[in-house]
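Protein chains in written order, with this note's numbering: chain H, 1346 to 1679; chain W, 1346 to 1679.
Backbone N, C-alpha and C fix where the C-beta goes; we use that ideal spot for every residue, glycine too.
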């Protein structure tokens, strides 16, 4: 769509800032841009494409005349303002979890289920970052053979918890290297030189945390099937902005590694990085700032006998394909 | 055994240094201690239990009169000197991979297969760190129900690559925080603020690296069965000295979570850290310097229907239970 008037909600956050870069890089068409944020950030100046913008406070009347709004605010902000925006005639692409599982709201990875975007009633949801990155690596294989079951362990970056968390990781590392106590405000524990179970709350009935359950439910919604059994373990590691995932799959039908590699390398938004000789596979430091999801360590399970148990390791930039890029891509297909 | 004369080979390395601490902490009995290392480290002074020791160069005649030698040197050093030591009548407990799969050499985790230690013919091998830490969390469950299959993804610390690698992680972090290029001598890639596939070479036929294959073969040898199908993904993360592992198991028989927790907390060398309410689970920073392996995130697979698919997350100090402590424990049961 050509949005005459485009708004970014949460323009000063980690994802909001990446959205601006993605809009510029992809030369996203619009006539007018409005940057919105909380009262705390209102008044800030942002230079974008040679023009200075003043961040405006997000209010109920902010959406008058806005054709398209890219939301990257917390779930509660979205719950409050997205319906107001839709009432003003604005189409909302939301990066929070607020509407993802709403049956009226399409949940879209443009390379996978673009057709769902057409069914929107004003709001479209951008999936969870770990979900998007996993599905980009897994969907081309699912299309080939069908996937029965996934066991996935994540290595998630600080960026998933926002700009303050990224800063905190840096501050923690500096403090610890100087022998001081690391600050822990954004995170419950030090993330620098550490690893911890994802800091979302846990469901006492099954022991899984919210991030893990998102990966399962959102994957089922995006793929349009609940037949894939998914069991994730979400772990934060001390990286800044790219998530890694170790994925084990059981296929419905016998597969072929060359065919898998061909399907992955031919899939838009996916690149192979699978150099067994040089031991060079996808790494967060190399993938940070890149649009594509990188896949490597493609191999059969060590106990596999029938070429039905496949493993791989993938890395994607949490702020780009995991958030800002995917949201802008959704807007592009509208 | 009471070793009249005890030697540490590789006394100046990361594991060698921890061995000294473990000997002191456990009040390991000996009359005389000899510290051996390469020519490069010979002449260094080490203070231990109020006495100053001069590190001596490891030579063919170093083992005369030595009853017990704890080896923590590279595989090639071990291959050269362990047979010489055995010929001198010395019992060798070796931390390298040189003899682990030798059918004549017991591979021992004292809490699991102490009976194997008795069968030694001069050399006993200390298993790979990731193997020990996994088995400590998995064996009590295997004893209860039998395990059919394990899928494991590791989060491995720098210490597994030695003292120089730990220093490099620190130097890398400092350089990167200052905006400089990180040094990469011990590791092929920056580990600070990064994650990469384990830096051991890969088998081109199956795409697994040496560390992963060690976890499989050594586990089979220690447990005395090849019936457990194990498929690991070994990944390094930017932590200093404790390995974490995300483990998914298929059980032979239906299990019970309370029974699992009881078996784990009652197993010597294992502690539960499984606070779902406070989201507090095992973390490398908290486990560093601790003897025990900590286990948490104990739950059924999200798609599990018959209580046969169990998941958990465990962390153990790579230098202690993963190396020095286990080696000293082997010496203790002799």
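Proximity to residue i [Cα-Cα], best of the options
{"i": "residue 1395 of chain W", "options": "W:1550, W:1380, W:1625 and W:1369", "result": "W:1369"}
{"i": "residue 1710 of chain H", "options": "H:1404, H:1663 and H:1647", "result": "Residue 1710 of chain H is absent from the structure shown; chain H starts at 1346 and stops at 1679."}
{"i": "residue 1671 of chain W", "options": "W:1569, W:1432, W:1417 and W:1426", "result": "W:1417"}
{"i": "residue 1541 of chain W", "options": "H:1583, H:1555, H:1516 and H:1511", "result": "H:1583"}
{"i": "residue 1609 of chain W", "options": "W:1561, W:1487 and W:1551", "result": "W:1487"}
{"i": "residue 1612 of chain H", "options": "H:1485, H:1400 and H:1473", "result": "H:1485"}
{"i": "residue 1389 of chain W", "options": "W:1381, W:1400 and W:1382", "result": "W:1400"}
{"i": "residue 1633 of chain H", "options": "H:1435, H:1543, H:1660 and H:1511", "result": "H:1660"}
{"i": "residue 1554 of chain W", "options": "W:1349, W:1560, W:1496 and W:1545", "result": "W:1545"}
{"i": "residue 1530 of chain H", "options": "H:1513, H:1518 and H:1543", "result": "H:1513"}
{"i": "residue 1522 of chain W", "options": "H:1509, H:1517, H:1524 and H:1525", "result": "H:1517"}
{"i": "residue 1539 of chain W", "options": "W:1562, W:1503 and W:1571", "result": "W:1503"}
{"i": "residue 1679 of chain H", "options": "H:1637, H:1622 and H:1451", "result": "H:1451"}
{"i": "residue 1359 of chain H", "options": "H:1647, H:1507, H:1649 and H:1402", "result": "H:1507"}
{"i": "residue 1482 of chain W", "options": "W:1463, W:1614, W:1647 and W:1532", "result": "W:1614"}
{"i": "residue 1682 of chain W", "options": "W:1596, W:1475 and W:1477", "result": "Since the first residue shown for chain W is 1346 and the last is 1679, residue 1682 of chain W is missing from the structure and cannot be characterised."}
{"i": "residue 1575 of chain W", "options": "H:1453, H:1649, H:1674 and H:1361", "result": "H:1649"}
{"i": "residue 1438 of chain H", "options": "H:1467, H:1526 and H:1432", "result": "H:1467"}
{"i": "residue 1383 of chain W", "options": "W:1604, W:1402 and W:1621", "result": "W:1402"}
{"i": "residue 1441 of chain W", "options": "W:1463, W:1433 and W:1425", "result": "W:1425"}
{"i": "residue 1393 of chain H", "options": "H:1385, H:1404, H:1380 and H:1386", "result": "H:1380"}
{"i": "residue 1377 of chain H", "options": "H:1387, H:1571, H:1411 and H:1626", "result": "H:1411"}
{"i": "residue 1543 of chain H", "options": "W:1533, W:1569 and W:1658", "result": "W:1658"}
{"i": "residue 1432 of chain W", "options": "W:1409, W:1492 and W:1617", "result": "W:1409"}
{"i": "residue 1537 of chain W", "options": "W:1562, W:1510 and W:1563", "result": "W:1510"}
{"i": "residue 1534 of chain H", "options": "W:1621, W:1628, W:1573 and W:1570", "result": "W:1628"}
Neighbour flag for residue i against chain W, beta carbons, 8 Å
{"i": "residue 1595 of chain H", "result": "no"}
{"i": "residue 1519 of chain H", "result": "yes"}
{"i": "residue 1515 of chain H", "result": "yes"}
{"i": "residue 1524 of chain H", "result": "no"}
{"i": "residue 1490 of chain H", "result": "no"}
{"i": "residue 1628 of chain H", "result": "yes"}
{"i": "residue 1547 of chain H", "result": "yes"}
DSSP bridge partner residues for residue i (one or two, in chain order)
{"i": "residue 1416 of chain W", "result": "W:1354 and W:1439"}
{"i": "residue 1654 of chain H", "result": "H:1595"}
{"i": "residue 1390 of chain W", "result": "W:1399"}
{"i": "residue 1368 of chain H", "result": "Answer is none; residue 1368 of chain H lacks a bridge partner."}
{"i": "residue 1659 of chain H", "result": "H:1590 and H:1640"}
{"i": "residue 1554 of chain W", "result": "W:1547"}
{"i": "residue 1377 of chain H", "result": "H:1350"}
{"i": "residue 1382 of chain H", "result": "H:1402"}
{"i": "residue 1606 of chain H", "result": "Note: residue 1606 of chain H sits in no beta bridge, so no partner."}
{"i": "residue 1465 of chain W", "result": "Residue 1465 of chain W is not bridged to any residue."}
Min CB distance residue i to chain H below 8 Å
{"i": "residue 1486 of chain W", "result": "no"}
{"i": "residue 1646 of chain W", "result": "yes"}
{"i": "residue 1364 of chain W", "result": "no"}
{"i": "residue 1695 of chain W", "result": "The structure shown does not extend to residue 1695 of chain W, since chain W is modelled only from 1346 through 1679, so no value can be given for it."}
{"i": "residue 1460 of chain W", "result": "no"}
{"i": "residue 1552 of chain W", "result": "yes"}
{"i": "residue 1528 of chain W", "result": "no"}
{"i": "residue 1667 of chain W", "result": "no"}
{"i": "residue 1582 of chain W", "result": "yes"}
{"i": "residue 1572 of chain W", "result": "no"}
{"i": "residue 1407 of chain W", "result": "no"}
{"i": "residue 1615 of chain W", "result": "no"}
{"i": "residue 1500 of chain W", "result": "yes"}
{"i": "residue 1585 of chain W", "result": "yes"}
{"i": "residue 1496 of chain W", "result": "yes"}
{"i": "residue 1533 of chain W", "result": "yes"}
{"i": "residue 1598 of chain W", "result": "no"}
heavy atom of the ligand GTP below 7 Å from residue i C-beta
{"i": "residue 1532 of chain H", "result": "Of the ligands one can find in the structure shown there are none, so the ligand GTP has no counterpart to examine."}
Buried or exposed (CB count within 10 angstroms, at least 16 for buried), residue i
{"i": "residue 1641 of chain H", "result": "buried"}
{"i": "residue 1444 of chain H", "result": "buried"}
{"i": "residue 1461 of chain H", "result": "buried"}
{"i": "residue 1666 of chain H", "result": "buried"}
{"i": "residue 1566 of chain H", "result": "buried"}
{"i": "residue 1357 of chain H", "result": "buried"}
{"i": "residue 1674 of chain H", "result": "buried"}
{"i": "residue 1548 of chain H", "result": "exposed"}
{"i": "residue 1447 of chain W", "result": "exposed"}
Within chain A, partners of residue i - CB distance below 7 Å
{"i": "residue 1671 of chain W", "result": "Of the protein chains in this structure, namely H and W, none is chain A."}
Legend entry - Cβ contact check for the segment 1640-1658 of chain H and the segment 1347-1366 of chain W: 3 or more pairs under 8 Å: no
Legend entry - Validate contact between the segment 1555-1563 of chain W and the segment 1576-1592 of chain W using beta carbons, cut 8 Å, 3 pairs: yes
Inset, instruction - Report yes or no: do three or more beta-carbon pairs, one from the segment 1494-1503 of chain H and one from the segment 1589-1596 of chain H, lie closer than 8 Å? - result: yes
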